[in-house]
Structures are given as structure tokens and as C-alpha cells.
Amino acid sequence: MDKSELWEKYWKGESSLEEESLLFGEQEELTENHPHSAFRKGMAALRDEKPKAFPKPATAFPWQRMVAGIALLFTLMACWWGYASYREQQQMQAYLQVVEAMEILQEQLHKGSRQLENVENLKYLNAGSDWYEINNQHQR
1 MDKSELWEKY WKGESSLEEE SLLFGEQEEL TENHPHSAFR KGMAALRDEK PKAFPKPATA
61 FPWQRMVAGI ALLFTLMACW WGYASYREQQ QMQAYLQVVE AMEILQEQLH KGSRQLENVE
121 NLKYLNAGSD WYEINNQHQR
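Residue numbers (my numbering): 1 to 140.
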């Protein structure tokens with residue numbers, strides 16, 4: 001297989017380990033104007049470099065975790081208190097709506113009972129003179 005075909009397979013991500021060792025294992029020097037010479041020099045430099053040990057991350061002070069936990073607890077309590085206040089407000093609003101509806105209903109029932117009183121008086125009338133007496137009672 002030609003080297004240019006191997007490079008094409010490598011750049012497409014289709015090369016095997018053996019093909020990559022053919023590409024990178026040979027020590028022949030490429031000319032400076034070759035398109036892969038800079039890449040090969042960089043790979044050789046990386047291969048020679050030893051891995052560095054990463055420093056351990058700085059641990060947070062123990063009191064920082066405690067403060068964060070307390071802050072979280074206060075935040076949750078504030079959210080719960082706000083929600084309870086909201087629920088109480090909604091319940092009060094619903095109660096006031098029911099009271100208002102009951103007042104309207106009471107007013108309408110009272111109005112209907114007054115009209116029914118007049119109808120009740122009509123069933124006991126026997127003569128036209130009784131009409132006259134009822135009308136006089138209402139005008140007084």
C-alpha cells in the first residue's frame with residue numbers, strides 16, 4: 001500500500017494500529033516541504049515527552065462545605081415558606097369568593113321570600129275588599 005493511501009486512511013480515522021506503526025515507526029526524514037513533516041516532528045516530540053503528574057486539586061476548607069450546606073438549607077426553607085404563604089393567600093382568596101357568592105345568594109333568597117309572602121297573602125283572599133286591605137297595609 002502506498003504511503004499517501006495510508007495517510008488518507010489515517011486522516012479519515014480508518015487506519016489500523018499496524019498501518020499507523022508503518023507511518024510513525026519509520027525514522028526516515030521527510031523533506032521540509034512535505035505536507036506531513038511538521039506533523040511527524042510534533043508526534044516525535046510528544047512521544048519523547050514524559051507525562052507530568054497533575055497536582056492534587058486544592059481541597060476546600062471544611063467550614064466552606066458546612067456554610068454551603070447551611071445556605072442550601074436556608075434557601076429551601078425560604079422556598080417552602082414562600083410556597084406556604086402563596087397557598088394560604090390562594091385559600092383566603094377562594095374563601096372570600098365563596099363568602100361573596102353566599103351573600104349574593106342570601107340577598108336573592110331574601111328577595112324571593114318577600115315576593116313569596118305576597119303570594120301567600122293572595123291565597124287567603126276571599127273577596128275584593130281584602131285586596132283593598134292588603135294594599136293599604138303595604139302603603140302604611
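From the three backbone atoms N, C-alpha and C, an ideal C-beta is built for every residue, glycine too. Treat the numbers as computed from the prediction; the structure is a model and nothing was measured.
From which residue to which residue does the alpha helix (DSSP H) around K41 run? 37-48
Does A53 come out as helix, strand or coil in the three-state DSSP assignment? coil
The alpha helix (DSSP H) with E5 in it runs from where to where? 3-12
Cutting at 8 angstroms between CB atoms, please list the residues of its own chain near Y10, excluding the five before and the five after it. E19, E20, L23
May I have the straight-line CA-CA distance separating Q97 from Q108, to the nearest angstrom? 17 angstroms
Where does F61 sit, in a helix, a strand or coil, going by DSSP? coil
For S21, which of helix, strand or coil comes out of DSSP? helix
Cutting at 7 angstroms between CB atoms, please list the residues of its own chain near M43, excluding the five before and the five after it. F24
Quick one: which unbroken alpha helix (DSSP H) runs of 4-plus residues sit fully inside the stretch 62-110? Chain order, please. none
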